[in-house]
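Line by line, the protein sequences give chains A, B and C.
Take 2 as the starting number for the first sequence in the working numbering and just add one per residue.
Take 263 as the starting number for the second sequence in the working numbering and just add one per residue.
Take 451 as the starting number for the third sequence in the working numbering and just add one per residue.
Every residue gets a Cβ at the ideal spot worked out from N, C-alpha and C, and that includes glycine.
Here the structure is a predicted model, which is why all the values come from computation and not from measurement.
Accompanying notes for the structure given below.
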Amino acid sequence: MALSRRQFITLSAVGAVGVAAVGLPIYHFRRGTPHPLPTGAPHTATREARKLSNWQDLYRERWTWDHVARGTHGWLNCRSACNWNIYVKKGVVVREEQAANYESSEPGVVPDFNPRGCQKGACYTEVMYGPSRLTVPLKRVGERGSGQWEKISWDQAIGEIAGKFLDIAQKHGTDAIYHDLGPHFDQGGTTAARVKFFNLIGASIADDWAEIGDLNVGATMTFGFPHMGGSSDEWFLSDFLVVWMMNPSVTQIPDAHFLYEAKYAGAELMVIDPQYSATAVHADTWIPIKPGTDAALALCTARHIWDSGRMDEDYVREQTDLPILVRLDTGRFLRESEMVKDGKPNAMYYWDTKSGAPVLAHGSEGAENPMLHLEGRVPAIEGQWDVKLADGSTTRVTTVGSLLREQLQHWTFEATAEVTGLHIGMISHFAEGFAKAQRPLVLSSWGGNRFFHSDLMNRAKILCLALKGAIGKRGAGLNATGWFGMEGFELSAEMTRTGIPGVLGAAMQHYSMKDIFYTGIDLAMRKKSMHDVMRDSSHKGSTQNTCMTNSASMNYNYAGVKDVLAEEQKDLAKRPLDAYVQEAQDKGWMPVYPRKTAPKAWVTGGNNVLRRSNQPQNMLATLWPQMECIVDVNPKLTFTGMHADYLLPGAGYYEKPGIKYPVAYVPYMHYCDAAVRPVGESKDEWEIYYLLAREMARQARERNLQPVAGCGDKIVDFRELETKMSSHGAYGPLDAEAVTQQVLDHSTSTVGFTTDDLKQTGIRKYTSTGSTMVQSQLYNSDWKGEGVLTVAQHQVKDKWHWPTLTGRQQFYIDHPWFIENGESLPVHKESPKAGGDHPFQLISCHARHSIHSVWRDTPILLRLQRGEPVVLLNPKDAERLGIGDHEWAELSNRVGSMHWRVKYSTMVRPGVAYHYHAWEPYQFPDHKSYKWMTPGLMNPMHFAGGEGHLGWRFAIYQPGTHVQDTRVDIKPWKEQNDRERAERAQAAKQKKTA
Amino acid sequence: MNTRSIKLVVAPTGFQPGGYIAKAYADRNTALTGKADVGVDTANGFVISLRWKCQHPMIDASDNPRQFIDACALLVPEKADAPWITMGAPGLPVAGVLWRADKTQPMAIRAEGLGSVQRSEAPNNWKAESNYADGYWRVTFTLPQWAPLAEHRQFAIAVWQGAQSERAGLKSISEGWLPL
Amino acid sequence: MGISRQLTPPKHQVAMVLDLNKCLGCHTCTVACKTLWNRDQGTDYAYWNNVETAPGKGYPKMWSATGSRTETGEVKRGEIPDVDQDYGRSWKFNHDKTFFKSNGPREWLKPEGNPQWGPNWDEDRGEGEYPQDNHYFYLPRLCNHCTHPACLDACPRSAIDKRQEDGIVLVNQDKCHGYRFCVEACPYKKVYFDPKRQVATKCIFCLPRMEEGTAPACARQCPGRLRFVGYLDDENGPIWKLVHKWKVAIPLHPEFDLGPNVFYVPPMSPQAIGPDGQPTGEPRIPMSYLESLFGPAVRDALAIVEAERAKKKAGQPSELMDILIAYDWNNNFHIDPAVHREVI
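Listed below in structure tokens is the structure:
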């Protein structure tokens with residue numbers, strides 16, 4: 002269609018007017034000479050409909066607004082971050098639509114990120130104004146959980162809660178106040194408020210990651226950190242994509258397109274999943290593996306890569322522990338302390354084939370030289386040698402590579418077929434594809450960490466990539482969700498003054514002047530990288546003078562789960578679970594708070610622990626009665642909220658300023674503008690915690706309360722609380738945005754960012770990967786906002802050590818517990834039959850139609866499901882059991898039982914009961930969800946510590962609870978099915994007579 | 263009131279505009295309402311009542327798109343030779359009053375041929391009272407003034423059985439104009 | 451052919467191409483459309499845009515058998531779907547009785563009336579035997595803005611127009627008397643009845659947005675980036691290239707003979723697995739099933755996609771693959787607001 006000149010001129014004019022009037026950038030129209038495109042719609046642009054005085058006006062009126070704000074679902078625990086236009090009419094958000102103002106990281110090389118979003122984001126307004134929205138403070142008046150509430154004023158709520166906190170701190174210690182931080186938060190001022198407040202009062206703060214059950218502990222064992230992965234457009238550059246324990250079509254909706262676009266660019270797509278998932282439907286090859294046998298397939302693939310000569314030997318020598326020497330007599334690494342008097346116990350050796358002697362490997366924890374350069378040496382990957390020890394004796398040593406290879410020999414195609422249920426032809430097709438690939442890239446999700454033996458599976462998957470030299474290679478490697486760093490967030494939670502004095506004050510909580518001096522020397526001498534320093538400082542920040550606790554250990558101690566676990570796990574390790582837990586706690590490997598008592602006050606902010614935890618019946622029976630004050634600060638009524646004492650209405654995602662947590666999939670910072678004022682009497686969390694601090698200080702002064710011991714060396718003076726919370730008067734209760742600006746000001750990834758600018762654009766490309774503990778996991782200090790983000794450059798390109806004991810990607814762990822349990826190397830172990838030996842394995846996936854429980858009760862999305870929770874069964878299984886589609890089943894095992902509707906699906910593997918997670922217990926009969934049957938196994942290896950990179954670190958290494966091993970029995974719930982059949986017959990009869 | 267029984271015939275679907283109805287409903291060749299009792303009282307304006315058999319009355323403005331509503335209508339010519347079977351013709355308008363079981367007020371209609379019906383509010387003093395009993399609808403129109411009826415002294419009737427998906431041209435109608 | 455009414459061909463025909471190889475089944479399109487146009491009582495049950503799992507009964511249930519066209523394009527009487535059994539009602543929920551104490555027993559959250567069907571009831575159900583050939587794919591559907599619209603031909607009141615400017619098919623709700631012949635006639639079941647307002651409603655191709663050069667919500671909000679919008683006669687746009695030049699975008703149920711202007715790049719599928727467990731190299735969606743949806747052209751369309759993909763794999767350029775990859779997402783939409791505005 003050709004355009005006349007006149008048309009073109011008109012068009013350009015319309016374009017220009019349109020932009021201003023519509024509030025949407027007109028990206029979809031480009032013709033003739035390019036004209037500059039707007040970077041963002043004016044904040045206040047209004048759109049009015051032109052009146053046609055006919056039927057169309059009704060529709061035209063719907064696409065109008067007074068005002069457009071830019072924002073996102075900031076506090077949402079969603080690994081996507083998406084920029085939205087939020088349309089406001091008469092003070093009400095009427096709808097949202099993706100802003101879609103991203104650019105391509107490398108135009109013409111990779112596709113752009115537009116339009117990022119999903120169906121949940123597209124209807125958050127239905128949650129915001131939905132049936133479970135809380136808008137006024139409520140106080141329980143009946144029994145807990147009885148559903149009886151009275152509306153109270155904010156003054157009353159704050160006054161009573163502040164008083165109870167002081168009572169509890171005085172009586173039981175400050176750490177008896179427990180903040181269940183959970184994953185429902187952002188990186189802006191409202192979340193900094195929570196961390197700051199609870200730190201200031203010396204409360205226990207939960208690190209819930211592994212307890213939630215999806216921390217990639219296997220990656221930590223290998224890399225020293227779990228969060229590996231660059232920007233999602235990097236997927237497009239791979240030639241062999243393996244989606245391995247992930248379902249991006251469902252769980253990574255804004256990024257999934259890169260996979261299918263990579264196919265068009267020539268990549269092969271393999272999906273390994275027991276279920277024919279929504280991602281598998283787009284695969285070239287779907288590999289229907291038996292659940293829990295992924296390690297076997299990976300080990301077979303590793304063997305094939307090695308045996309067929311496609312191993313990248315140079316890479317393996319330099320970047321992995323395969324050349325590191327292990328003593329055959331003890332199974333422990335050969336250590337410098339054994340070889341040399343006064344040698345270090347955490348420095349290891351490899352065998353240099355050039356000199357024919359053991360050489361101290363650079364980069365290990367105890368090595369002088371932190372760099373991985375081999376400096377001309379050629380470490381042996383395989384072999385056995387005698388070495389002479391310092392005590393004069395001789396011992397036989399071999400390499401990790403030799404031990405590994407011997408172990409891999411078992412995994413022939415035949416042996417693997419037997420374990421995985423896959424045909425030899427399928428296995429060899431996959432293994433050969435992997436072996437010959439140039440850029441193999443494995444996508445592995447948090448959901449892939451939910452088996453008891455997920456650590457072994459992930460170690461084995463990473464092994465395949467390491468043998469191929471894929472980790473740290475552009476377009477290859479492991480994508481398991483990386484993070485940008487925003488150290489300004491951690492600082493803002495610690496600073497009690499603004500500016501440089503505040504930063505110094507925060508630092509001095511963890512560093513003496515001497516520490517700082519020697520750190521400077523180490524940096525100058527290149528004994529440490531900035532990454533090392535930041536990692537250490539961040540770890541100090543989460544361990545010193547703070548009561549940060551892994552919540553799995555807290556639950557183990559106080560929440561009534563241990564008896565069930567003792568029974569379930571009695572055969573799963575050499576010693577009883579409790580022996581490992583006690584050893585870890587005795588040795589301080591896994592700090593547990595509160596120290597002396599179960600939590601007495603429980604404050605949560607959307608974490609929804611009773612929905613999420615395993616064995617909630619035991620938590621309710623054991624932990625709940627011990628608590629004197631349970632507060633949920635939340636925009637939404639949840640199952641946990643139903644069992645709380647106070648419900649404080651927090652502001653929703655569009656009602657407060659904030660910063661979306663910085664996942665690396667999309668290298669843009671996402672700002673949340675407060676599009677409207679908080680609904681009803683809701684308040685943002687900065688204000689809520691500020692008011693609590695002010696009130697606690699007031700009451701403390703009134704009680705003349707003297708300072709009390711907090712955590713570590715910390716002394717808590719409640720009378721000073723407001724002073725500190727306000728950063729000595731710099732911030733008032735309505736300053737959430739200013740505190741958010743403080744986060745930006747102190748983050749090296751957001752240099753020059755202002756909230757005012759961000760209100761216009763919603764997003765801005767990070768200026769670097771930042772520098773905090775979490776960021777260090779991206780390990781690419783060259784990245785300054787340009788180009789596809791590839792991780793692990795620090796190690797692979799710049800040759801700095803990995804943060805592991807050996808300083809390398811570590812496939813051998815010589816911790817005594819690992820040796821004792823035969824898990825030094827990645828091996829395959831059977832998925833234990835949690836809950837007893839029952840015919841169905843209960844397997845979950847993150848949900849398509851909800852992010853955890855946030856949209857679970859939202860009618861607009863329930864209508865696109867079946868309105869109620871369903872468990873998916875293969876039709877043949879269901880028919881055999883005599884359960885019709887959408888009929889009820891009773892599921893049970895030795896832990897518990899519950900009722901669930903059955904949905905037929907051919908995607909489901911026979912023998913699997915499949916479900917999308919996070920239904921609220923109140924959506925099931927008797928308010929009992931599948932969690933009532935889920936013991937939540939705890940892997941004792943995850944309590945290990947005391948050596949190298951093992952031991953608790955915030956969001957890096959800690960015990961978790963695992964759900965995918967749960968076995969259940971399924972039978973029809975006959976009474977209910979009969980009842981409903983009768984009701985339907987009656988209704989049909991009535992319809993007929995009517 | 264002067265009451266008579268009127269034979270109704272099926273409105274021929276073959277006349278319907280567009281390519282669909284005539285073909286899709288070619289099998290509708292008998293009236294679903296075979297007759298109606300028509301009462302007329304002209305003592306004080308016009309009071310016209312219709313009574314017809316209806317097995318499954320459809321009354322509610324249902325939320326089900328599949329359900330149609332029972333209805334009936336009176337039609338009168340505005341010009342002497344306006345055809346009743348096509349609801350008038352261009353230049354030969356007809357007027358009418360429509361009762362629907364889900365509405366309290368009747369509607370005025372006007373048309374110049376099939377597919378051209380315009381609905382409007384009926385005069386305030388027009389009424390349509392309805393009653394369903396013993397398998398029969400009885401609808402009584404009270405029309406104090408109606409100029410074309412006063413002038414031409416003839417009318418036609420149409421009846422729709424909602425339960426049989428009757429609407430628009432799917433209806434039973436009188437065989438022609440009926441004298442008042 | 452098509453319909454009996456004579457229509458003057460529009461000056462330009464808007465069209466949409468949906469690449470089924472990129473559809474995630476996420477329903478963002480559905481929600482985008484729903485929240486923008488059909489939030490009210492009356493159309494609360496209606497989805498101008500929906501995504502269904504194919505093979506399956508679809509939305510509304512068994513729609514392709516209930517329209518006014520036979521498999522050979524002959525006119526037959528269509529059916530109006532039932533709100534409960536075929537569409538699925540807009541369920542109400544019992545939040546209050548679940549959350550708060552009431553006199554009766556504590557309820558669990560559920561839709562009123564124990565529904566047995568809804569707009570996405572059989573999501574991911576599929577057909578076939580695990581793991582040999584179980585299969586499904588996602589089929590997003592909207593009004594096809596047909597060249598020969600069955601709805602238009604069914605309306606005795608001529609209340610449905612095919613716009614001269616852009617070929618968008620609209621129900622003139624000022625003229626509509628709610629007779630619903632259009633609802634029963636459309637063999638794609640994409641005209642709905644609003645019982646509250648007593649008029650028919652259907653997709654308006656987001657006309658107010660098109661007038662501003664902004665793509666329809668279902669297309670612009672699609673995170674899978676699988677939708678292309680433009681004009682059939684615009685040789686610079688993606689539609690002409692995918693439909694006419696590369697012939698990989700084909701209509702749904704061409705045998706109805708209505709000239710749909712929504713086109714689909716048909717789905718590839720993972721290789722099937724033989725009875726012994728070996729991968730077969732053959733797609734697991736049966737070709738006969740795809741032909742029943744897209745007609746015989748589906749074979750060539752798939753062959754072209756595979757051939758161009760092989761080229762790209764071999765390092766050769768492919769215009770087709772580059773379009774489908776959508777390096778610059780903005781290029782998925784080639785919209786000229788003036789085309790749609792001229793009448794106003």
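The beta carbon of F543/C sits closer than 8 Å to the beta carbons of L559, K560, P561, E562 from its chain, once the five residues preceding and following it are set aside; these are given in chain order. Residue pairing of F403/B in beta bridges, as defined by DSSP: I310/B, A390/B. In its chain, beyond the 5 residues on either side, V272, T275, L432 have a beta carbon closer than 8 Å to the beta carbon of R290/B. Taking a Cβ-Cβ threshold of 8 Å, none of the residues of chain C is close to D274/A; the smallest such distance is about 11 Å. Between E769/C and T522/C, the gap from beta carbon to beta carbon reaches 8 Å or more. Put simply, the CB of V619/C is far from chain B, with every gap to its CB atoms at 8 Å or more. The shortest C-alpha to C-alpha distance from G492/C to any of F783/C, L676/C, Q648/C is the one to Q648/C. K904, Y905, S906, T907, M908, V909, R910, P911, E921, Y923, Q924, F925: these are the residues of the segment 893–925 of chain A whose beta carbon lies less than 8 Å from some beta carbon of chain C, given in chain order. Rounded to whole angstroms, the gap between the alpha carbons of V356/B and V89/A is 49 Å.
For G160/A, the enclosing alpha helix (DSSP H) stretches over residues 155–173. DSSP places P701/C within a strand segment (E or B) once states are collapsed to three. Under the Cβ distance rule, L376/B counts among the residues neighbouring chain C, one pair being separated by less than 8 Å. If you draw a straight line from the Cα of Y509/C to the Cα of Y497/C, it is about 9 Å long.
Annotated three-state conformation of W513/C is helix, per DSSP. Secondary-structure assignment with DSSP links F330/B through no beta bridge to anything. In the three-state scheme derived from DSSP, where H, G and I count as helix and E and B as strand, S493/A is classed as helix. Cβ atoms of P441/A and L466/A come within 8 Å of each other, at about 6 Å. Non-local C-beta neighbours of H585/C in its own chain, meaning closer than 7 Å and more than five positions away in sequence, comprise G576, E577, G578, S719, R734, I735, ordered along the chain.
For D772/C, the closest of A580/A, C548/A, P108/A by C-alpha to C-alpha distance is P108/A. Listed in chain order, the beta strand (DSSP E) elements of length 3 or more contained wholly in the segment 365–405 of chain A are 385–389, 395–400. Using beta-carbon distances, P716/C does not count as an interface residue toward chain B, since no partner is under 8 Å.
Contact check for Q742/A and T755/A: beta-carbon distance about 7 Å, within the 8 Å limit, so the pair qualifies.
In the DSSP assignment, L740/C falls outside any beta strand (DSSP E) and within the unbroken alpha helix (DSSP H) covering 737–744. Y130/A counts as exposed, since fewer than 16 other beta carbons sit within 10 angstroms of its beta carbon. For K560/C, a Cβ of chain A is located within less than 8 Å of the residue's own Cβ. Residue-level contact by beta carbon fails for K365/B and chain C, as no gap is shorter than 8 Å. Assignment of S539/A by DSSP, reduced to helix, strand and coil, places it in the helix class.
One finds L474, C476, T478, P673, G674 in chain C with Cβ atoms closer than 9 Å to the Cβ of I254/A, taken in chain order. Taking 8 Å as the cut-off, the Cβ atoms of I178/A and A204/A count as close. Distance from the Cα of V632/A is smallest, within the candidate group T395/A, K601/A, Q586/A, for K601/A.
P717/C and R591/C have their C-alpha atoms some 15 Å from each other. When H430/A, L201/A, L242/A are compared, the shortest CA-CA separation from P708/A is found for L201/A. Taking a contact as a CB-CB distance under 8 Å, the pair V667/A and S233/A counts as one, their CB atoms being some 7 Å apart.
For R333/A, DSSP assigns no beta-bridge partner whatsoever. Less than 8 Å separates the beta-carbon of V94/A from that of Y655/A.
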